[in-house]
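Using the numbering used here, read the sequence shown as starting at 1 and increasing by one per residue.
All residues carry an ideal CB built from backbone N, CA and C; glycine is no exception.
See below for the structure under consideration.
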Amino acid sequence: MVSTPAPSLDSAQLTGSAYLPPGDATALSPNQSLMPLTAQVNSHHHLTVGGCDVKDLVQQFGSPLYILDEETLRTACRQYRDSFQRFYPGESQVLYASKAWNCLAVCAIVASEGLGLDVVSGGELYTAIQAGVDPQKIYLHGNNKSASELQLALDVGCTIVVDNWFELETLAQLATAAGKTPQQPQRVMVRFTPGIECHTHEYIRTGHLDSKFGFDPDQLAPLFQRLSQTPSLTCIGLHAHIGSQIFELKPHEDLAGVVIKAFVEAQAAGLPMAEVNIGGGLGIRYTESDDPPSIETWSETVGTALVKACTAAQIPMPKLLCEPGRSLIGSACVTAYTVGSRKEVPGLRTYLTVDGGMSDNPRPITYQSVYRAVVANRLDQPCTDVVTLAGKHCESGDVVIKEAHLPPAEPGDIVVVMATGAYNYSMASNYNRLSRPGAVVVQGGEASLILQRETYADLLRQDCLPERLAIAANPVPAS
């Protein structure tokens, strides 16, 4: 079956093929594309990703199904890596913010492109280690790390980003007990809130002062003094992050100056500062009206701003770290659903139901996030219907897309929701006792399973039924 590039159409027509990458897709910044870079329309007018017909994938692996395009993910990794090397004359290291989607295959792919990992829990750290990621390139974040998570980090040798006083004291005790000394101390960084606002959802703004994350700026002086007197720890850098799904560049320019000011203060306190992590937060294109900067533009802004700040402070350029998540993997994945029932409410709306919803993508009900969709097996048909694409959960708010422009769809058709790589699988649940979907990675016409679909038996795997309840649950025989 021969695949051909999608025709170039006006996106206002809202036909399926209008969403596909035009021309040389690999030259695009992945975060600016609605679909994976390899998305095409084949001779049957079906959507293909990574050379695989989406309809065939659903027939083979079932639905809902996460379909991850390896080429798109690798392209984003390379664009970040190469852009920072081009625009920042000092040493740099791109870290993947794995909370966006942490599993063995994703960790392995990004690590093979030279990226490190930002992890925020013991589970994410364990997965990264099992995937073969170099511990020297892993940074553990989190505002309430448990003692066991800190101990795991100490054991594997990753860098720990200290978030608060309680954690600092706990870590110092654990590091001392683990035999960390001034000759072989535990590497740490300090996270602080830079006080920079950006225009994004209030739940994903983390740089403003009223945040659960990081030390307040007025705590830095005593913090630096405490760290200088803690022989089991060595503070090698600062971390600040201003939020997520950001289209503005100015906040990142401002962040460089704020971080370097604190960096100089830490050096003056005697700390061996060597690294600066400016976080991530670059947004992606979820709808036609979204216009995020490219990965290259964002990287140039950050690199140039940091050089300017270091020059003004008359200090050597530190190692520059960044931690993109959404903009690396968001557009690399789509979710395929099978259409089920249809309900028309005269004069109000038409509900088109799919076999998933808020358990595999909680972002619409949590953040009021907006997505776009196509009918993968009807890309030659005009989008004459406006429907509410609803999930199957027993929840009125379980709506995937409130107003989806689609061709007339029938039971059994395959609806594909775009840009579902970030915070879909990672936030998935078993609400209503639904099993979580499977996932495949596609490349060169081949599909490989990277996450098995859960079974009903998996749902019961952690359940425990005390014997007395099992007896009571059995029907009492009639006397």
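Host beta strand (DSSP E) of residue 287 (start-end): For residue 287, no beta strand (DSSP E) encloses it, and the DSSP letter there is neither H nor E.
Check whether residue 276 and residue 302 have beta carbons under 8 Å apart: At the C-beta level, residue 276 and residue 302 stay beyond 8 Å of one another.
Beta-carbon proximity check, residue 335 vs residue 355, cutoff 8 Å: Contact flag unset, no.
In DSSP terms, what residue 189 is bridged to: As a beta-bridge residue in DSSP terms, residue 189 pairs with 161, 237.
Residue 199, DSSP secondary structure in three states: Interpretation of residue 199 is limited by its pLDDT of 49, a score under 50 that renders its predicted location unreliable; the figure taken from the coordinates is listed afterwards. Reduced to three states, the DSSP call for residue 199 is coil.
C-alpha gap between residue 161 and residue 190, whole angstroms: For residue 161 and residue 190, the gap between their C-alpha atoms comes out near 6 Å.
Span of the alpha helix (DSSP H) around residue 252: Start and end: 250-268.
Residue 378 to residue 416 span [Cα, whole Å]: Each residue's alpha carbon lies about 11 Å from the other.
Straight-line gap, residue 363 to residue 98 (C-alpha atoms, nearest Å): Roughly 17 Å separates the two Cα atoms.
Per-residue DSSP class, three states only, for residue 437: Note: residue 437 maps to coil in three-state DSSP.
Sheet register partners of residue 226 (DSSP bridge): Residue 226 pairs with nothing; no bridge assigned.
Counted within 10 angstroms of its Cβ, other Cβ atoms place residue 149 as buried (16 or more) or exposed: With 16 or more neighbouring CB atoms inside 10 Å of its own CB, residue 149 falls in the buried class.
Range of the contiguous beta strand (DSSP E) that encloses residue 63: That residue, residue 63, is in no beta strand (DSSP E); it is neither H nor E in DSSP.
Enclosing beta strand (DSSP E) for residue 341 [first to last residue]: Per DSSP, residue 341 is one residue of the beta strand (DSSP E) stretching across 333-345.
Top-ranked residue by Cα proximity to residue 193, from 395, 218, 175, 88: For the residues 395, 218, 175, 88, the minimum Cα distance to residue 193 belongs to 218.
Alpha-carbon spacing of residue 86 relative to residue 264, whole angstroms: Rounded to the nearest angstrom, the two C-alpha atoms are 25 Å apart.
Boundaries (first-last residue) of the alpha helix (DSSP H) holding residue 460: Note, residue 460: alpha helix (DSSP H), 456-460.
Selection from 232, 353, 252 that minimises the alpha carbon distance to residue 411: With distances taken between Cα atoms, residue 411 lies closest to 353.
Under the three-state DSSP convention, the category residue 278 falls into: Secondary structure of residue 278 (DSSP, three-state): coil.
Under 8 Å between C-beta atoms of residue 326 and residue 100: Yes, the Cβ-Cβ distance between residue 326 and residue 100 is below 8 Å.
Completely contained beta strand (DSSP E) runs for the stretch 81-114, where each covers 3 or more residues: List check, beta strand (DSSP E) in window: 92-97.
Close Cβ partners of residue 174 (< 7 Å) along its chain, the five nearest in sequence each way excluded: Around residue 174: 147, 150, 151, 154.
Stretch-stretch touch, CB-based, cutoff 8 Å, three pairs: the stretch 76-85 with the stretch 40-60: They do not touch, by the three-pair rule.
CB-CB length for residue 418 against residue 35, believed under 8 Å: Confirmed, Cβ separation roughly 6 Å.
Cβ neighbours of residue 176 in the same chain (closer than 6 Å, five flanking residues each side left out): The residues are 232.
Cβ pair count under 8 Å reaching 3, the stretch 102-121 against the stretch 339-347: The stretch 102-121 makes no contact with the stretch 339-347; the number of CB pairs closer than 8 Å stays below 3.
Residue 72 versus residue 29: straight-line alpha-carbon distance, rounded: One C-alpha to the other measures close to 9 Å.
Where residue 383 sits in the DSSP three-state scheme: It is coil, neither helix nor strand.
Boundaries of the alpha helix (DSSP H) in which residue 156 is found, first to last residue: Boundaries of the alpha helix (DSSP H) around residue 156: 147-156.
Identified DSSP bridge partners for residue 180: Answer is none; residue 180 lacks a bridge partner.
Residue 244 versus residue 467 - alpha carbon distance: About 48 Å.
Length of the line joining the Cα atoms of residue 426 and residue 314: In a straight line, the C-alpha of residue 426 is about 42 Å away from that of residue 314.
N- and C-terminal bounds of the alpha helix (DSSP H) containing residue 308: For residue 308, the enclosing alpha helix (DSSP H) covers residues 295-313.
CB of residue 398 within 8 Å of CB of residue 450, strictly: Cβ distance not < 8 Å, so residue 398 and residue 450 don't count as in contact.
Stretch pair the stretch 52-68 + the stretch 423-439: three plus CB contacts closer than 8 Å: Yes, since at least three Cβ pairs between the stretch 52-68 and the stretch 423-439 fall closer than 8 Å, the two stretches touch.
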